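In my numbering, the protein residues as written are 313 to 602.
These notes concern the structure reproduced below.
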């Protein structure tokens with residue numbers, strides 16, 4: 313195994329301005345890229361929903377990024393990118409009120425900006441452009457009923473004004489518009505990941521349209537995510553597509569209440585279709601491997 317002696321890492325909280333709230337994240341800062349197996353094992357060790365690994369990628373505020381859950385590497389995720397940008401401001405632009413960053417996920421360049429929050433120690437606002445969303449055709453009635461059952465819901469909890477639909481800004485989510493019933497939603501299908509694959513989705517996101525509150529889980533239904541930036545962008549695009557939000561409207565999406573970590577994700581879709589997602593970042597702790 314690659315020597316990890318001296319490898320530094322930080323713990324940050326994302327989608328909050330308060331320490332020990334929001335969605336926790338481990339950020340590793342190796343001097344050179346680590347093997348994928350090592351990054352996967354470190355992520356499991358940290359027990360966060362996701363960890364991100366950053367290595368410098370040339371002059372300026374440009375870094376290579378790789379994101380892992382406890383099960384796999386992801387092509388894209390929101391809260392790790394925002395949390396990483398907040399930490400980079402803390403480490404590399406502490407004297408500046410604002411800064412811009414580029415994080416490379418493979419061949420995709422993600423532009424982020426950060427602002428230092430005055431009067432609060434190690435606290436920042438981070439904002440990212442998720443680009444334009446891809447919306448697949450809405451699901452039909454039979455497919456919708458199958459997914460409602462898989463999520464322990466029925467038609468009485470569905471907001472009938474809106475369809476179930478797969479939307480992506482980098483990670484495809486099946487969006488399930490609810491009218492109440494969030495408290496009973498959970499994954500109950502024994503092969504939920506395979507079921508999602510039949511409609512081209514990676515995860516499902518159940519959200520109360522009126523309350524602007526959502527929930528999502530790993531596909532085994534064992535771990536609920538606290539705040540999901542990669543789902544927030546699709547939700548913003550979906551709401552604008554279906555007339556539930558106006559272009560330029562700042563949407564506050566709540567998440568994490570059911571796991572005792574209430575979080576707020578800000579989403580804005582402009583008239584051209586670009587999706588902006590933002591939230592607070594608190595740098596909580598730092599560590600080093602021996």
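Ideal Cβ placement from N, Cα and C applies to all residues, glycine included.
Quantities reported herein were computed from a predicted structural model and do not represent experimental measurements.
#1: For the ligand GDP, is there any heavy atom lying closer than 8 Å to the beta carbon of residue 466?
#2: Could you pull out every residue in the same chain whose Cβ sits closer than 7 Å to the Cβ of residue 396, ignoring the five residues on either side in sequence?
#3: With a 10 Å radius around its C-beta and 16 neighbouring C-beta atoms as the bar for buried, classify residue 602 as buried or exposed.
#4: Which residues in the same chain as residue 494 place their Cβ atom closer than 7 Å to its Cβ, once the five residues preceding and following it in sequence are excluded?
#5: So which of 478, 455, 488 has the shortest CA-CA distance to residue 470?
#6: Tell me whether the beta-carbon of residue 439 lies closer than 9 Å to the beta-carbon of residue 590.
#7: Give every residue of the same chain whose Cβ lies closer than 8 Å to the Cβ of residue 351, excluding the five residues on either side of it in the sequence, and list them in chain order.
#8: So for residue 470, helix, strand or coil by DSSP?
#9: Please look up how many angstroms separate the CB atoms of residue 583 and residue 560, rounded, as I've assumed it's under 8 Å.
#10: Could you pull the start and end residues of the beta strand (DSSP E) that residue 368 belongs to?
#11: Between the Cα of residue 430 and those of 424, 447, 420, 409, spot the shortest distance and give me the residue it belongs to.
#12: Suppose only complete runs of 3+ residues qualify. What are the beta strand (DSSP E) ranges in the region 454 to 501, listed by chain order?
#13: Closer than 7 Å by C-beta to residue 358: which residues in its own chain qualify, once you throw out the five before and the five after it? Chain order, please.
#14: Starting from the N-terminal side, write out each stretch of the alpha helix (DSSP H) that is 4 residues or longer and does not extend beyond the region 317 to 369.
#15: Please confirm if the region 561 to 569 is in contact with the region 497 to 509, defined as three or more CB-CB distances below 8 Å between the two stretches.
#16: Going by other Cβ atoms of all chains shown within 10 Å of its Cβ, with 16 needed for buried, is residue 387 buried or exposed?
#17: DSSP state of residue 420, grouped into three classes?
#18: Going by the beta-carbon positions, is the gap between residue 333 and residue 496 smaller than 9 Å?
#19: How about residue 508 and residue 486: are their beta carbons less than 9 Å apart?
#20: Starting from the Cα of residue 437, find the closest Cα among 510, 586, 326, 454 and give me that residue.
#21: Less than 6 Å between C-beta atoms, sequence neighbours within five positions excluded: which residues of the same chain meet that for residue 545?
To lay it out plainly:
#1: Judged by which ligands are present, the structure shown has none, so any question about the ligand GDP falls away.
#2: 339, 364, 366, 377, 415
#3: exposed
#4: 518, 520, 525, 527
#5: 488
#6: yes
#7: 340, 363, 365, 378, 380, 385
#8: strand
#9: 7 Å
#10: 362 to 368
#11: 409
#12: 477 to 480, 485 to 490
#13: 338
#14: 348 to 358
#15: no
#16: exposed
#17: strand
#18: no
#19: yes
#20: 326
#21: 442, 481, 587, 589
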